[in-house]
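A.B. asks: Below is one structure. I have some questions about it.
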Amino acid sequence: MQTTIQEREGQLVALFQGRLDTAAAPQTEKDIAPLADCDGRDIILDCTQLDYISSSGLRLFLSVLKNAKPRGSHVYITGMNTDIRNVFNMTGFTNLFEFK
Amino acid sequence: MARHSFARRITRWVMGTVLVIMAGVTYIIYNTASEMMEFLGEQRYQTTLAETIHEFSKILMGVEISLNKTLPDVEDNLRDKAMLGRVLTRLVDLNPAISGAAVAFQPGFYPREGRWYEPYARRITESGPDSAKVEMLQVGSEEHDYLNAPWYAKVITTGEGCWTDPYEDDFSDSGILCSYTQPVRDERDSIVAVLIVDVSLKWLTEQLHDIDLRTNEREFGFEGVYETYSFVISRDGTYIVHPDHDLILNGNYFDTAEATPDSTDDSIGRSMIRGEKAMAEFRDSDGEQTLMFYAPIERTGWSMAIVVPKVLLKVWAIVLEFIIVTIMLLGMIVLFFVCRTLVRRVARPLTYFADSAEEIANGKLDAALPEIKSDDELRQLHDSFLLMQTSLRKQMDELRRVNEQRGRIEGELKAAQDIQMSMLPKTFPPYPDRDDVDIYGSLVPAKAVGGDLYDFYIRDEKLFFCIGDVSGKGVPASLVMAVTRSLFRTVSAREANPERIMAHINEAMSDQNDSMMFVTLFVGVLDLPTGKLRYCNAGHDAPLIIADDVTTLTVEPNLPVGVARDWRFRQQETAMPVGACIFLFTDGLTEAEDATHAQFTMQRVTEVAAQALRQRNVKPEQLVNAMTRAVHLFVGDAEQSDDLTMLSIQFTKAMRNELYHNGITLPNDIQQIPRLSAFVDEVCEAVGLDMATAMQMNLALEEAVVNVMNYAYPAGTKGDVDIEALANDIRLKFVITDGGQPFDPTAKEEADTTLSAEERPIGGLGIFLVRQLMDSINYEYAGGKNILTLRKRLTHHDDMPVTAGAEPGAAQPRQQ
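In the order they appear, the protein sequences are chains A and B.
Okay, so the first sequence: first residue is 7 according to the numbering used here, each after it adds one.
Okay, so the second sequence: first residue is 977 according to the numbering used here, each after it adds one.
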């Protein structure tokens, strides 16, 4: 599981690569810590290369959103595959996030 | 027509009464009046008689006095014819009663005059007013031989004066006469002549005739039939005065009296001649009752009588009676009209009242009442009617209100019944997609709503079911039933242990159980994968187990729910063989009564079940229907006395061949998740699942195992988690076993996926995802191990209907 944070055109972009399961979650949590200081900049969670996500991963996404919203930042998700989108649908996360 | 007869009847009664009273009064008055009239009549006739006799006597006495006063003058002038003529003339002239006076001389007193000499002064009645009223005649002659007249002889021989009998005189035009005589004596005191004065009886005749006329006029005499008449008889009974002039001097009373059959009049005649005065009664020649008043006329020896037909004395009484009757009849006619008018006037409001009453009876409660102005019984009736109307209206309103209320209550009761029935599972078969269980239930309440309940549902491959009977019936019981059923659902949603389910329900029911209602309840949890039945009984009838034979399930009686809050319920368990049927019921079955109050009894229930078993009709629906038929046959037409509830559950799990078996043991470290992932991928590939489903399996297994790692083993403790994968031809099953502390993940609350980002908790998604991804999740704690079983139907088989994969979790009713 690889997580990369980039700053692009005033936006914070997190690139996820591989399986975000319970085992990988603690490391990923550390990797996305910079997203906490979004300060109004929009956050893009790029899932193009994300193969799998479990509830631990969903929790990380939710904490990013809960942190960003009060700061005036939008959280966008891009490039989800069908399986992951199904998981999002099941859990109601589709309603929480914005998608690009 | 009724009112006419009413008025008529009253009139008839009044008239009748008045008539009777009047008749009585009339009779009394008639009797009294007739007696009085008779008495008065007698008095009157006596008086008349006496007065007449008195008058006549006065006249006679006047005549006597006149004669006696004249006698000396005659004696002084015996020798002087002229003077004697003047004396006689004056005598006649002075006394109007005297019609004539004469002196009859003895033969030879005047020798020149011959043998007879009688100077006679006669009153001339037919002469003019100024001419002499008295003329002198000399009437003594051979033809008028007074010397041989009885009176003359009598005077001469006795030397005393007397009254003669009546006679007819040739020289007098006065008709019947009678005379008073006195001897005339000369200076030598020898009788030389007789002084005689004639008194015409014409006066007496006229007087009596007058009396007859007056009385007949007064007494309404009927000419020739009822007439009073008067007569006078002489000493020998010769009529002197009589209305029939032919009889005078010619007829004799005794001749007349002898002609009548009655002899009373004969003795009356003798009495008269004796000079007696009396009143006598006899029957005349016609047989009529007749009264005769008679009295003697002094000096003469005559007797005078007034004859009165008795009926004439009653005439006045009859007249009076006639007047009274006439007045009464007139009065009665007036009374009749007054009475009829009055009664009709009085009855008219009654007629109106009758009409009003009829209208009221026909439901027109505001019918107008007749106006009553008087303050009497009719006013009272009017007021009573008014009160009746008001009170009827009020009662009708009340009745209507009560009916509306009852209707509303009935409507509400119907709604309550619908709600209650909708609480019960009523779609049968309830799980057409399942091949491991078949259920049929029936509840027939004795009233609109009842206190029986049954319920069942499947959660996490466990069949939760219960049957119960609330004490009492009707609405109160139904409320407790609803509460019990809700508690059962709520409690069992988080709890799969029957004794704890029962304990929770008991606690809730015991609290604030003011109405002291209790429930006998049987709660069972059938683990569908294994057929293990855990159950807890709270005072309910033991169910039947129908397998190879019919047996009664051994149950601890415990206590009914709601009796003792702290009662420790103990559960029991048994293994249900495949094909076995559990038959639950309430006492409405065993205690169903026929018309003679005999009960259906447990024995019959067992017999029916045994027969069903022999006929291999133990499918739940068949069993319940057979039981229902048997009860109906037994009860017959008797009213259902209690709610009748039956629930039958057959465990029909088909044992399938295991086609695949694999396993892995992981320590409780989340870093081992990739190994789990690899194992799941391997299994999925082995059973031929596609990539997407494989990923779902991965996700479900990771969530379930992480859950176990996090909760079964508290932080810092070490332990293993065994994951077994099994597959038959239709289903893939993962069994996750650990030796950690007992932890039921299925009892956790589900995540609410509709909350916003701010509201949503960070955690709680794990088991939710497992439920979403797998067809079922089943937890068991057995042998000191937590056993969590996840199942997924294999979709590539066509021999079974597939729904679970397409819409995960939708195949089973599930507690929300």
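Positions of the beta carbon are idealized from the N, C-alpha and C atoms, including for glycine.
Owing to the predicted nature of the structure, the values given are computational and were not obtained by experimental measurement.
Taking only runs that begin and end inside the stretch 1262 to 1299 of chain B, name each unbroken beta strand (DSSP E) of 3 or more residues, in chain order.
C.D. replies: Segments of the beta strand (DSSP E) lying fully in the stretch 1262 to 1299 of chain B: 1265 to 1273, 1278 to 1285.
A.B. asks: Who are the neighbours of T97 (chain A) on chain B, taking C-beta pairs under 9 angstroms?
C.D. replies: Translated into positions along the first sequence, residue 97 (chain A) becomes position 91. The answer, in chain order, is A1727, T1729, L1741, F1744, L1745, Q1748.
A.B. asks: Report the residues of the stretch 27 to 56 of chain A with a CB closer than 7 angstroms to any CB of chain B, ordered along the chain.
C.D. replies: Under the 7 angstroms Cβ criterion, the stretch 27 to 56 of chain A contributes D27, T28, A29.
A.B. asks: Can you find a C-beta in chain A that's less than 8 angstroms from the C-beta of P1405 (chain B)?
C.D. replies: If you number the second sequence from 1, residue 1405 (chain B) lands on position 429. By this cut-off, P1405 (chain B) is not an interface position.
A.B. asks: Figure out for me which residue from B:Q1672, B:V1746, B:L1731, B:G1716 has the closest Cα to the Cα of Y58 (chain A).
C.D. replies: In the first sequence, the residue the question calls residue 58 (chain A) occupies position 52. Looking at the Cα atoms, B:Q1672 is the closest of the given residues.
A.B. asks: Determine the burial state of R77 (chain A): buried for a count of at least 16 other Cβ atoms within 10 Å of its Cβ, exposed for fewer.
C.D. replies: Looking up residue 77 (chain A) in the first sequence gives position 71. R77 (chain A) is exposed by the Cβ-count criterion.
A.B. asks: Enumerate, from N- to C-terminal direction, the unbroken alpha helix (DSSP H) stretches of 4 or more residues contained entirely within the stretch 1326 to 1412 of chain B.
C.D. replies: For the stretch 1326 to 1412 of chain B, whole alpha helix (DSSP H) runs of length 4 or above, ordered along the chain, are 1353 to 1399.
A.B. asks: With 8 angstroms set as the bound, which would you pick, yes or no: does the beta-carbon of V93 (chain A) sit closer than that to a beta-carbon of chain B?
C.D. replies: As a first step, residue 93 (chain A) is located in the first sequence; it is residue number 87 there, counting from the start. At least one chain B Cβ lies under 8 angstroms of V93 (chain A).
A.B. asks: Using beta-carbon positions only, say whether Y1416 (chain B) and P1596 (chain B) come within less than 8 angstroms of one another.
C.D. replies: The residue labelled residue 1416 (chain B) in the question sits at position 440 within the second sequence. The residue labelled residue 1596 (chain B) in the question sits at position 620 within the second sequence. Contact: yes.
A.B. asks: Assign F1313 (chain B) to buried or exposed, taking buried as 16 or more other Cβ atoms, counted over all protein chains shown, within 10 Å of its Cβ.
C.D. replies: On the second sequence, position 337 is the one that residue 1313 (chain B) refers to. Under this definition F1313 (chain B) is an exposed residue.
A.B. asks: Taking the alpha carbon of P1401 (chain B) as the reference point, which residue from B:T1214, B:V1291, B:T1621 has its own alpha carbon closest?
C.D. replies: Taking the first residue of the second sequence as position 1, residue 1401 (chain B) is located at position 425. The residue with the shortest Cα to Cα distance from P1401 (chain B) is B:T1621.
A.B. asks: Would you kindly check if the distance between the Cβ of A1077 (chain B) and the Cβ of A1097 (chain B) is under 8 angstroms?
C.D. replies: Translated into positions along the second sequence, residue 1097 (chain B) becomes position 121. Translated into positions along the second sequence, residue 1077 (chain B) becomes position 101. Yes. Within cutoff.
A.B. asks: Counting contacts by CB-CB distance shorter than 8 angstroms, is L68 (chain A) in contact with chain B?
C.D. replies: The residue labelled residue 68 (chain A) in the question sits at position 62 within the first sequence. L68 (chain A) counts as touching chain B.
A.B. asks: Any chance the stretch 1628 to 1640 of chain B sits against the stretch 1606 to 1618 of chain B, with 3 or more Cβ pairs inside 8 angstroms?
C.D. replies: Touching, no.
A.B. asks: Would T28 (chain A) and V1682 (chain B) qualify as a contact pair, given that the criterion is a beta-carbon distance under 8 angstroms?
C.D. replies: Counting from one through the first sequence, the residue named residue 28 (chain A) turns up at place 22. Counting from one through the second sequence, the residue named residue 1682 (chain B) turns up at place 706. Yes. Within cutoff.
A.B. asks: Counting contacts by CB-CB distance shorter than 8 angstroms, is L102 (chain A) in contact with chain B?
C.D. replies: For the purposes of this step, residue 102 (chain A) is identified with residue 96 of the first sequence, where counting begins at 1. At least one chain B Cβ lies under 8 angstroms of L102 (chain A).
A.B. asks: Starting from I1224 (chain B) and walking both ways along the alpha helix (DSSP H), at which residues does that stretch end?
C.D. replies: Position 248 of the second sequence, counting from 1, holds the residue named residue 1224 (chain B). Taken as a continuous stretch (DSSP letters only), I1224 (chain B) belongs to no alpha helix (DSSP H), as it is neither H nor E.
A.B. asks: Are the CB atoms of F1545 (chain B) and C1512 (chain B) nearer to each other than 8 angstroms?
C.D. replies: To locate residue 1545 (chain B), count along the second sequence from 1; it is residue 569. To locate residue 1512 (chain B), count along the second sequence from 1; it is residue 536. Yes. Within cutoff.
A.B. asks: I need the boundaries of the alpha helix (DSSP H) containing V1581 (chain B), first residue and last residue.
C.D. replies: Mapped onto the second sequence, residue 1581 (chain B) falls at position 605. Here the alpha helix (DSSP H) through V1581 (chain B) covers 1577 to 1590.
A.B. asks: Over the uninterrupted beta strand (DSSP E) stretch that includes C1442 (chain B), give me the two end residues.
C.D. replies: The sequence position of residue 1442 (chain B) within the second sequence is 466, counting from 1. Note, C1442 (chain B): beta strand (DSSP E), 1438 to 1446.
A.B. asks: Roughly how many angstroms separate the alpha carbons of R979 (chain B) and A1344 (chain B), rounded to a whole number?
C.D. replies: Stepping through the second sequence from its first residue, residue 979 (chain B) is reached at position 3. Stepping through the second sequence from its first residue, residue 1344 (chain B) is reached at position 368. Low local confidence applies: a pLDDT of 49 at R979 (chain B) is under 50, so the model's placement there is unreliable, and no value is given.
A.B. asks: Secondary structure at H1030 (chain B), three-state DSSP: helix, strand or coil?
C.D. replies: Working through the second sequence from its first residue, we reach residue 1030 (chain B) at position 54. Here H1030 (chain B) sits in helix by DSSP.
A.B. asks: Could you check whether D1242 (chain B) and A1233 (chain B) sit closer than 8 angstroms to each other, using their CB atoms as the reference points?
C.D. replies: Residue numbering aside, residue 1233 (chain B) sits at position 257 when the second sequence is read from its first letter. Residue numbering aside, residue 1242 (chain B) sits at position 266 when the second sequence is read from its first letter. It is a contact, given that the beta carbons lie within the stated cut-off.
A.B. asks: Helix, strand or coil, according to DSSP, for S1617 (chain B) in the structure here?
C.D. replies: To locate residue 1617 (chain B), count along the second sequence from 1; it is residue 641. Correct three-state label for S1617 (chain B): coil.
A.B. asks: Can you grab the Cα-Cα spacing for the pair L1306 (chain B) / L1180 (chain B), in whole Å?
C.D. replies: The residue labelled residue 1306 (chain B) in the question sits at position 330 within the second sequence. The residue labelled residue 1180 (chain B) in the question sits at position 204 within the second sequence. Rounded to the nearest angstrom, the two C-alpha atoms are 47 angstroms apart.
A.B. asks: For D1525 (chain B), which residues from the same chain have a beta carbon less than 8 angstroms from its beta carbon, with the 5 sequence-adjacent residues on both sides left out?
C.D. replies: Numbered from its first residue, the second sequence carries residue 1525 (chain B) at position 549. Closer than 8 angstroms at the Cβ level, and outside the excluded window around D1525 (chain B), lie A1586, L1589.
A.B. asks: Can you say whether R1769 (chain B) is buried or exposed, counting buried as having 16 or more other CB atoms within 10 angstroms of its CB?
C.D. replies: Position 793 of the second sequence, counted from the first residue, corresponds to residue 1769 (chain B). By the 10 Å Cβ count, R1769 (chain B) comes out buried.
A.B. asks: Could you tell me whether any Cβ in chain A is nearer than 8 angstroms to the Cβ of R1736 (chain B)?
C.D. replies: Position 760 of the second sequence, counting from 1, holds the residue named residue 1736 (chain B). By this cut-off, R1736 (chain B) is an interface position.
A.B. asks: Where does P1553 (chain B) fall in DSSP's three states?
C.D. replies: The residue given as residue 1553 (chain B) occupies position 577 in the second sequence. Three-state result, P1553 (chain B): coil.
A.B. asks: With distances taken from CA atoms, which of B:T1730, B:K1109, B:G1695, B:F1441 is nearest G1715 (chain B)?
C.D. replies: The count along the second sequence starts at 1 and reaches residue 1715 (chain B) at position 739. Among B:T1730, B:K1109, B:G1695, B:F1441, the Cα nearest to that of G1715 (chain B) is on B:G1695.
A.B. asks: Is I1625 (chain B) close to chain A, meaning its C-beta is less than 8 angstroms from at least one C-beta of that chain?
C.D. replies: Position 649 of the second sequence, counted from the first residue, corresponds to residue 1625 (chain B). No, its Cβ sits nowhere closer than 8 angstroms to a Cβ of chain A.
A.B. asks: Any Cβ of chain A within less than 8 angstroms of the Cβ of A1556 (chain B)?
C.D. replies: Counting from one through the second sequence, the residue named residue 1556 (chain B) turns up at place 580. Not one chain A Cβ lies under 8 angstroms of A1556 (chain B).
A.B. asks: Have a look at B:F1494, B:E1658, B:P1643 and flag the residue whose alpha-carbon is nearest the alpha-carbon of G1692 (chain B).
C.D. replies: Working through the second sequence from its first residue, we reach residue 1692 (chain B) at position 716. Among B:F1494, B:E1658, B:P1643, the Cα nearest to that of G1692 (chain B) is on B:P1643.
A.B. asks: What does DSSP give as the partner residue(s) for S1486 (chain B) in the beta ladder?
C.D. replies: Against the second sequence, residue 1486 (chain B) aligns to sequence position 510. Paired residues: none, contrary to the question.
A.B. asks: Kindly say whether S1653 (chain B), judged by its beta-carbon, lies nearer than 8 angstroms to any beta-carbon of chain A.
C.D. replies: As a position in the second sequence, residue 1653 (chain B) is number 677, starting the count at 1. So yes, S1653 (chain B) belongs to the interface.
A.B. asks: Would you call the CB atoms of L1766 (chain B) and L1675 (chain B) closer than 8 angstroms?
C.D. replies: Start at 1 with the first residue of the second sequence, and residue 1766 (chain B) comes out as number 790. Start at 1 with the first residue of the second sequence, and residue 1675 (chain B) comes out as number 699. Cβ distance not < 8 angstroms, so L1766 (chain B) and L1675 (chain B) don't count as in contact.
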